[in-house]
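A.B. asks:
There are 4 protein chains.
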Amino acid sequence: MRLALIGAGRIGKVHAQTIDAHPEVTLVGVADFHAPAAEALAAQYGARILSTDAVFEEANIDAVLIASSTPTHADYLEQAARAGKAILCEKPIALDLARTRDALQVLESHPVICALGFNRRHDPQFAALKKAVVEGRIGSLETLSIISRDPAPPPAEYVLASGGLFRDMMIHDFDMVRWLVDEPITYVQATGSCLIDPAIGEAGDIDTAMVTLTTASGRLCHISNSRRACYGYDQRVEAFGSAGMLQVQNESDTRLRFTGEPGQVEEKPHWFFLERYATAYRIEIDDFVRAWRERSAPLAGAQDGLEALRLAEAAERSLHEGRRIALDDIH
Amino acid sequence: MRLALIGAGRIGKVHAQTIDAHPEVTLVGVADFHAPAAEALAAQYGARILSTDAVFEEANIDAVLIASSTPTHADYLEQAARAGKAILCEKPIALDLARTRDALQVLESHPVICALGFNRRHDPQFAALKKAVVEGRIGSLETLSIISRDPAPPPAEYVLASGGLFRDMMIHDFDMVRWLVDEPITYVQATGSCLIDPAIGEAGDIDTAMVTLTTASGRLCHISNSRRACYGYDQRVEAFGSAGMLQVQNESDTRLRFTGEPGQVEEKPHWFFLERYATAYRIEIDDFVRAWRERSAPLAGAQDGLEALRLAEAAERSLHEGRRIALDDIH
Amino acid sequence: MRLALIGAGRIGKVHAQTIDAHPEVTLVGVADFHAPAAEALAAQYGARILSTDAVFEEANIDAVLIASSTPTHADYLEQAARAGKAILCEKPIALDLARTRDALQVLESHPVICALGFNRRHDPQFAALKKAVVEGRIGSLETLSIISRDPAPPPAEYVLASGGLFRDMMIHDFDMVRWLVDEPITYVQATGSCLIDPAIGEAGDIDTAMVTLTTASGRLCHISNSRRACYGYDQRVEAFGSAGMLQVQNESDTRLRFTGEPGQVEEKPHWFFLERYATAYRIEIDDFVRAWRERSAPLAGAQDGLEALRLAEAAERSLHEGRRIALDDIH
Amino acid sequence: MRLALIGAGRIGKVHAQTIDAHPEVTLVGVADFHAPAAEALAAQYGARILSTDAVFEEANIDAVLIASSTPTHADYLEQAARAGKAILCEKPIALDLARTRDALQVLESHPVICALGFNRRHDPQFAALKKAVVEGRIGSLETLSIISRDPAPPPAEYVLASGGLFRDMMIHDFDMVRWLVDEPITYVQATGSCLIDPAIGEAGDIDTAMVTLTTASGRLCHISNSRRACYGYDQRVEAFGSAGMLQVQNESDTRLRFTGEPGQVEEKPHWFFLERYATAYRIEIDDFVRAWRERSAPLAGAQDGLEALRLAEAAERSLHEGRRIALDDIH
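Protein chains in written order, with the working numbering: chain A, 1 to 331; chain B, 1 to 331; chain C, 1 to 331; chain D, 1 to 331.
(1) I'd like to check one pair, leucine 144 of chain A with alanine 239 of chain A: are the Cβ atoms closer than 8 Å?
(2) Does the distance from the C-beta atom of histidine 15 of chain B to that of isoleucine 285 of chain B stay below 8 Å?
(3) Going residue by residue through the region 210 to 246 of chain C, where are the continuous beta strand (DSSP E) segments of at least 3 residues, counting only ones entirely within it?
(4) Residue ranges of each alpha helix (DSSP H) run of no fewer than 4 residues wholly in the region 79 to 109 of chain C, ordered along the chain?
(5) Within the same chain, show all residues whose beta-carbon is closer than 6 Å to that of glutamine 247 of chain C, passing over the 5 residues directly before and after it, in chain order.
(6) Could you check where the alpha helix (DSSP H) with glutamate 267 of chain B kicks off and where it finishes?
(7) In angstroms, rounded to a whole number, what distance separates the CA positions of phenylalanine 174 of chain D and threonine 186 of chain D?
(8) Give the range of the alpha helix (DSSP H) segment to which isoleucine 61 of chain D is assigned.
(9) Candidates C/Gly322, C/Ala302 and C/Tyr158: which alpha carbon is nearest isoleucine 93 of chain C's?
(10) Between the beta-carbon of valine 28 of chain A and the beta-carbon of isoleucine 61 of chain A, is there less than 8 Å?
(11) Pick helix, strand or coil for glycine 192 of chain D, following the three-state DSSP scheme.
(12) What residue from B/Met170, B/Arg137 and B/Ala156 has the CA that sits closest to aspartate 333 of chain B's CA?
(13) Can you name the residues of chain C whose CB is closer than 7 Å to the CB of aspartate 253 of chain B?
(14) Please report the residue range of the alpha helix (DSSP H) in which leucine 5 of chain B lies.
(15) What alpha helix (DSSP H) runs, 4 residues minimum, are completely inside the region 107 to 165 of chain B?
(16) List, in order along the chain, the chain A residues whose C-beta lies closer than 8 Å to that of alanine 21 of chain D?
(17) CA-CA distance, arginine 227 of chain C and asparagine 119 of chain C?
(18) With respect to the alpha helix (DSSP H) encompassing arginine 293 of chain B, which residues constitute its N-terminal and C-terminal limits?
(19) Mapping DSSP to helix, strand and coil, what is threonine 70 of chain B?
(20) Quick one: is arginine 2 of chain A near chain D, going by C-beta distance under 8 Å?
(21) Note down, in chain order, every chain B residue with its Cβ under 8 Å from the Cβ of tyrosine 231 of chain A.
(22) Could one say the Cβ of glutamine 189 of chain C lies closer than 8 Å to chain D's Cβ atoms, at least one of them?
(23) Classify glutamate 261 of chain D: buried if its beta carbon has 16 or more other beta carbons within 10 angstroms, exposed otherwise.
(24) So, is phenylalanine 288 of chain D buried or exposed, given that buried needs 16 or more other C-beta atoms within 10 angstroms?
(25) With a threshold of 8 Å, are at least 3 pairs of Cβ atoms found where one atom belongs to the region 323 to 331 of chain A and the other to the region 176 to 196 of chain A?
(26) Using a Cβ-Cβ cut-off of 8 Å, state whether phenylalanine 258 of chain A counts as contacting chain D.
(27) If you draw a straight line from the alpha carbon of glycine 322 of chain A to that of glutamate 321 of chain B, how long is it in whole angstroms?
(28) Use the C-beta contact count for glutamate 135 of chain A: other C-beta atoms within 10 angstroms, 16 or more gives buried, fewer gives exposed.
(29) At least one CB of chain B closer than 8 Å to the CB of leucine 195 of chain A: is that the case?
(30) Touch check for the region 63 to 70 of chain D and the region 85 to 100 of chain D: three-plus C-beta pairs under 8 Å?
(31) Does leucine 256 of chain D come out as helix, strand or coil in the three-state DSSP assignment?
(32) Please compile the residues from chain A whose C-beta is within a distance smaller than 7 Å of the C-beta of arginine 276 of chain D.
(33) Using beta carbons (cut-off 8 Å, strictly below), is glutamine 249 of chain A in contact with chain D?
(34) Please tell me whether glutamate 238 of chain D has its Cβ less than 8 Å away from any Cβ of chain B.
(35) State the DSSP-derived secondary structure class of tyrosine 45 of chain C, mapped to helix, strand or coil.
(36) Can you look up isoleucine 19 of chain D in the DSSP assignment and give me helix, strand or coil?
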């Protein structure tokens, strides 16, 4: 697969490294609005510097990885689809439903392989949980609880452009719920507060939130988010069912244990997503290449992006109206 | 302290054993509507069989432990208060707010030491959590999450008389939230399903529930309940704050670990509350005796029973109306 | 069982409390060389103060608990046997083999129930390990590893009178090996150092030791002792076999877990044996009463004391001669 | 670094993959006595097939990785040294001291960078333990305990050629002791049995062993080996000192936890060394390249191979003579 990368920022660098080491993928070129970033990354991996136009025009490019800033995702995705390139797009496609739906329509009329960067689906531990649930290890799934906390809050400027906690942060957890319960969600109930940084509240957002979702068959799902966990990236899931419980636990650099004056001490969890999901990013590329090679569906696609965004919309509306929102009312 | 026990059932037996071993308490007598039960328990501990009237009339009785069936609690509590006896009453005082308020009025006009059996407050692990929170170990508390699951669902007849999951089971968790956050609760949001036993649904109740509470300062609290956990009694609390997280973990008979074909295996949690809270029941009696001796407040009192019941009422209303309920609206 | 206690020191007090709460045992009286100690303890539990002569002479005394200083054990044990009293004797019977054998001969000619205070056999976690091994959960036992560390070293004067680390401290571990492997031990190899307190070395003893034992069928057992573990009493056992491994883990007051700046922190283990083996001491009394009631063997008897002492003798000889010692050579 | 690989077997394949992905190393060619193996591996990574003579003769080869069968190590090492190539040699250099010393003499007269494949030194968890010990986290180190168990015993033919458990398996643990205690070892005491496979005993070897080592300052170290652990590769280290204890724990694929009928279950440890030390093999190559680039010492060198072998010799002699062996007597 000859792949072009759009976006040479933090996540673009992670993907470039994986692609460089991947036996089936060649990093053809790098494009970035900010030329020095593209140049540096291209030089590091012996790739060309490309204009974004060139990415979609060159015939010898099979696939495009969109890792640019969020507001550009939908446009690039549509251009790539029209050019017949396979797409791996960082989430979200767009921050509003209308723009997302438009992009999906282009994908429908120009069907290409399109994977969406819900990286957690590719994490070995979450994948093992999913597999065990599907195999019936806990019998019938009854409740799902997700705790997801970032190590430190973003600056208020970031928050303003992010679409808010539900669209920017909890979107991953909404996708996890959809992927793990594997049945329609019917109701969404949200609460939230600004407890960490008043500037986030002034920007009209929250930094601490709890959302409860109900599925068609009555399963109950809970998501708890915080923008700050002083001990690092907190990423846990508990699936509870008629025959038992499965728990994804935090991971750390090593399992070294110290016992002394302060007690029995193990390491803090990984600091943030780059460390925690390093393996997931590698597997995500594998999955994308496999989907492209086999002309089959990737593990997460554009439709999953739309559905997660609908849940975020519902949560936002529930927060403001103080009542549960039927997902059917989110169009 | 010369104490009379009303109720010789399961929980009455637990208390009788603790009292018998307590150096400061003498079990004077046992009363029970079901005479053989009273006779057996009285014989076992060398106590007298009493009528309930005698319990309140005899001058040499200092205190009454009310462990009879729920519908009798409020009446006995009022009689004990009028007779000037110290009271340890199993929760709840009553299943409805009006009856509970009446009982509290009697206590106001006949002030006696009155402890309510919220046993979890006396558990060493929960007490250590509370202490650490108060001492500021996690900085400012931001979220509280409680998971509470029974090993097996009660029969539907029990459910009918119980007042429902919120009043019968989650009432303990409501009290834990109140005790641990130590500030007014403002809003309650509830969801629930009947996923385990259809007979419970036919009796008009749920067996799986999630409730989210908001405090006056914006803290978020979550409670997850299930009537069945095949692995035993699941009793966990997670307090999260600006400087860290505290977690109460399940307890088991021993910490023996087996590693072999199935993996690395530790014992299941204790089966149910009698095993899990055996120590808490002993400390509860200690606290009652201390309060009586020092003429000071017990750790949990009648007012705590009323407040927990208000939260249960709010949860029930939220469940039916599909919106968050302001606690101020629950009178 | 009407029981007299000889010795009102630290361990005597522990036993007195258990006996007082035991429904089948009455603490008739307390004897102690140091009169005020006997008086205080007798007063606390409403028992009489006895001379040691009276303990053996009074007909209404069924049993004697010998918790006096080590050098007196053998004499009291012989007097009790001759008086036909059931005996629970703190370990060791004596610090040398000859004196111990003499005591055993008296027991042979005056057969009474005689239990020896190897408290660890009664600990629920060790008992669960033993049960699992016997039931074949790890297949054929191949190796056994015991780690046993005290929180702080004793004063050098104590060491001088104690018989040395092997007889005073590791004696418990020797008994654990014998109890758990349940076959003859053939060879003993020992190493040791004085690393903690030079005064212990000047007293001719060691404070850190490792001993390896071989059984008749070739199983290998390892014991590691230290007189100081800054984090508390370290009491672990690992039994390894053809079908898996069983591990006894340290216990602590609660399982509360803190996660924050220093990492993921659980409590230190219990500080010392009174906390760690509180339950074992209660069960030890139960076992003694049961043996007396049923006229059957207690879980640990006088012969077990002799055999553990032979292992200590072998270890001492191995340490000094720098070679493995055949247990058959220890008479 | 232009590197030639000698040996295209199991461990050669592991190294080839790491080298291929390493930005500073080019895999120039592969040599193997068994031609098809060399061809397959060379083809996989686009390298040339080389004769072993060519490896040492070609001027454009900077370094040689010796991963061939043990009896060839010393010869290849000497040829590489004489040819001025940097060397990464799988352990052991040879199975006897004389041959090893000869090789070291060649290295002395032809000084090249020579790293020895003691892979565990490069494992992140062991490295974190070492770092914490050096930084004084446990105060003064007093005892060290290593448990090292393979998942399944090798065939008896392998055992015959392996030099025996001490030289083939425990050699890694001897190196860990040397590396972690960082002071001379004075005495070695060994015991061992054949408990798993009688064929191993008939081949004159043992499959279960315990060795105790004493250092110059009196520290005590214990190693426990078994050729079979049904649950996988058991690799633990416990360092105990005046200020605490550090424990390396087993690692597994994921930390997913199941709680249900059988208890609270976590995954088995990794099955064997390729999974457990995957990261260590990568870091080992990094360290070799760094040493070559900086002309400095690698983390483990040829002298470390000799010293570990002396400990194995001492253990063997101790096993047969039933006494501790002074390391000074092993020449």
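The C-beta atom is built at its ideal place from N, Cα and C for all residues, glycine as well.
Quick caveat, the model's predicted, so the values are computed rather than measured.
C.D. replies: According to the data block:
(1) A contact, by the Cβ cut-off of 8 Å.
(2) Taking a C-beta distance under 8 Å as the contact criterion, histidine 15 of chain B and isoleucine 285 of chain B qualify as a contact pair.
(3) Counting only runs of 3 or more, we get 220 to 226 and 234 to 241.
(4) If we require 4 residues or more, the alpha helix (DSSP H) runs fully inside the region 79 to 109 of chain C come out as 97 to 109.
(5) Cβ neighbours of glutamine 247 of chain C beyond the five flanking positions: Glu238.
(6) It is not in any alpha helix (DSSP H) - glutamate 267 of chain B carries neither H nor E in the DSSP assignment.
(7) Cα to Cα, phenylalanine 174 of chain D sits roughly 13 Å from threonine 186 of chain D.
(8) Taken as a continuous stretch (DSSP letters only), isoleucine 61 of chain D belongs to no alpha helix (DSSP H), as it is neither H nor E.
(9) Out of C/Gly322, C/Ala302 and C/Tyr158, C/Ala302 has the C-alpha closest to the C-alpha of isoleucine 93 of chain C.
(10) For valine 28 of chain A and isoleucine 61 of chain A, yes; Cβs fall inside 8 Å.
(11) Three-state result, glycine 192 of chain D: strand.
(12) Outside the displayed range of chain B (1 to 331) lies residue 333 of chain B, so it cannot be described from this structure.
(13) Residues of chain C with a Cβ closer than 7 Å to the Cβ of aspartate 253 of chain B are, in chain order, Pro124.
(14) First-last for leucine 5 of chain B: 2 to 6, but that is the beta strand (DSSP E), not the alpha helix (DSSP H).
(15) You should have 124 to 134 and 156 to 162.
(16) Neighbours of alanine 21 of chain D in chain A, taken as residues whose beta carbon is under 8 Å from its own, are Ala21 in chain order.
(17) Each residue's alpha carbon lies about 19 Å from the other.
(18) Run containing arginine 293 of chain B: 278 to 294, per the alpha helix (DSSP H) assignment.
(19) DSSP places threonine 70 of chain B in helix when its eight states are reduced to three.
(20) Residue contact check for arginine 2 of chain A against chain D: no CB pair falls below 8 Å.
(21) Those are Gly244 and Met245, listed as they occur along chain B.
(22) So, interface residue.
(23) Around the C-beta of glutamate 261 of chain D, fewer than 16 other C-beta atoms lie within 10 Å, and the residue is accordingly described as exposed.
(24) By the neighbour-count criterion, in which 16 or more other beta carbons inside 10 Å mark a residue as buried, phenylalanine 288 of chain D falls on the buried side.
(25) As far as the Cβ criterion goes, the region 323 to 331 of chain A touches the region 176 to 196 of chain A, which means the pair count is three or higher.
(26) The Cβ of phenylalanine 258 of chain A sits closer than 8 Å to at least one Cβ of chain D.
(27) Taking the straight line joining both Cα atoms gives about 11 Å.
(28) Under a 10 Å Cβ-count criterion, glutamate 135 of chain A is classified as exposed, with fewer than 16 other Cβ atoms of the shown protein chains found around its own Cβ.
(29) So, interface residue.
(30) With the cut-off at 8 Å, the region 63 to 70 of chain D and the region 85 to 100 of chain D touch.
(31) Judged by DSSP in its simplified three-state form, leucine 256 of chain D adopts coil rather than helix or strand.
(32) The contacting residues do not exist; arginine 276 of chain D stays about 12 Å from chain A at best.
(33) Glutamine 249 of chain A belongs to the set of residues whose beta carbon lies under 8 Å from a beta carbon in chain D.
(34) At a cut-off of 8 Å, the C-beta of glutamate 238 of chain D has no neighbouring C-beta in chain B.
(35) In this structure, tyrosine 45 of chain C counts as coil in the three-state DSSP scheme.
(36) Isoleucine 19 of chain D sits in a helix when the DSSP states are folded into three classes.
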